[in-house]
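Q: I'd like to ask some things about the structure below.
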């Protein structure tokens, strides 16, 4: 993507002729980065969450809160697949003029990211139900000890 944008800037300001495909190509690549990055965030448990409750709930409550969070992420991934597939189907007949490819390719990253989110969330649910220790051990510590652990690990909050 950086190469596309650099080529566009070079073409515009040095050659006085900007390539038409670089803008649409970089936007399409950005879509892939965003949705694949969201899936990685779910896989590594870096997605958005309401962690404040984890500090005040008992251990059993934490497990249920995490399961609810997983189910919400699963539903979100399924929605991405469902609505993304509809967008792909609706725009597949159109052509992106600057790239010369189907307009449906603009929405394929939404479907791919949703599929990976579903896969990674199902993995987390299965591991959690099997009793695997997938949750952070920091959740079991009092907040002052969590802060000390994060400070020791040089994590900025």
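Numbering (the working numbering), first residue to last: 377 to 533.
Yeah, the Cβ is synthetic: ideal placement off N, Cα and C, and Gly gets one too.
Which complete alpha helix (DSSP H) runs does the segment 419 to 480 hold, if anything under 4 residues is left out?
A: The qualifying runs are 428 to 432, 435 to 467.
Q: For the alpha helix (DSSP H) that residue 509 lies in, which residues bound it at each end?
A: Position 133 of the chain shown, counted from the start, is the residue given in the question as residue 509. Neither: residue 509 is in no alpha helix (DSSP H) and is coded neither H nor E.
Q: Short check: CB of residue 478 to CB of residue 471, under 8 angstroms?
A: To locate residue 478, count along the chain shown from 1; it is residue 102. To locate residue 471, count along the chain shown from 1; it is residue 95. Yes, the Cβ-Cβ distance between residue 478 and residue 471 is below 8 angstroms.
Q: Cα separation between residue 400 and residue 505?
A: Looking up residue 400 in the chain shown gives position 24. Looking up residue 505 in the chain shown gives position 129. So the alpha carbons of these two residues sit roughly 44 angstroms apart.
Q: Is there contact here, the segment 473 to 488 with the segment 452 to 460, by at least three beta-carbon pairs under 8 angstroms?
A: At 8 angstroms Cβ cutoff, the stretches touch.
Q: Rounded C-beta distance between residue 381 and residue 398? I'm assuming under 8 angstroms.
A: The sequence position of residue 381 within the chain shown is 5, counting from 1. The sequence position of residue 398 within the chain shown is 22, counting from 1. Confirmed, about 7 angstroms.
Q: What is the rounded straight-line gap between the Cα of residue 495 and the Cα of residue 440?
A: Looking up residue 495 in the chain shown gives position 119. Looking up residue 440 in the chain shown gives position 64. Each residue's Cα considered, the two are about 20 angstroms apart.
Q: Pick from 473, 442, 387: whose alpha carbon is nearest that of residue 431?
A: Here residue 431 refers to the residue found at position 55 of the chain shown. Among 473, 442, 387, the Cα nearest to that of residue 431 belongs to 442.
Q: How many angstroms separate the CA atom of residue 402 from the CA atom of residue 422?
A: Looking up residue 402 in the chain shown gives position 26. Looking up residue 422 in the chain shown gives position 46. About 25 angstroms.
Q: On the three-state DSSP scale, how would you describe residue 391?
A: Numbered from its first residue, the chain shown carries residue 391 at position 15. Three-state DSSP puts residue 391 in coil, outside helix and strand.
Q: Suppose you measure from the CA of residue 433 to the CA of residue 407; what does that come to, to the nearest Å?
A: As a working note, residue 433 is residue 57 in the chain shown. As a working note, residue 407 is residue 31 in the chain shown. Distance between the alpha carbons of residue 433 and residue 407 is about 37 angstroms.
Q: Does residue 406 come out as helix, strand or coil in the three-state DSSP assignment?
A: Here residue 406 refers to the residue found at position 30 of the chain shown. Residue 406: helix per DSSP, three-state reduction.
Q: Hey, residue 418 and residue 497: beta-carbon distance below 8 angstroms or not?
A: Here the question's residue 418 lines up with position 42 in the chain shown. Here the question's residue 497 lines up with position 121 in the chain shown. Contact: yes.
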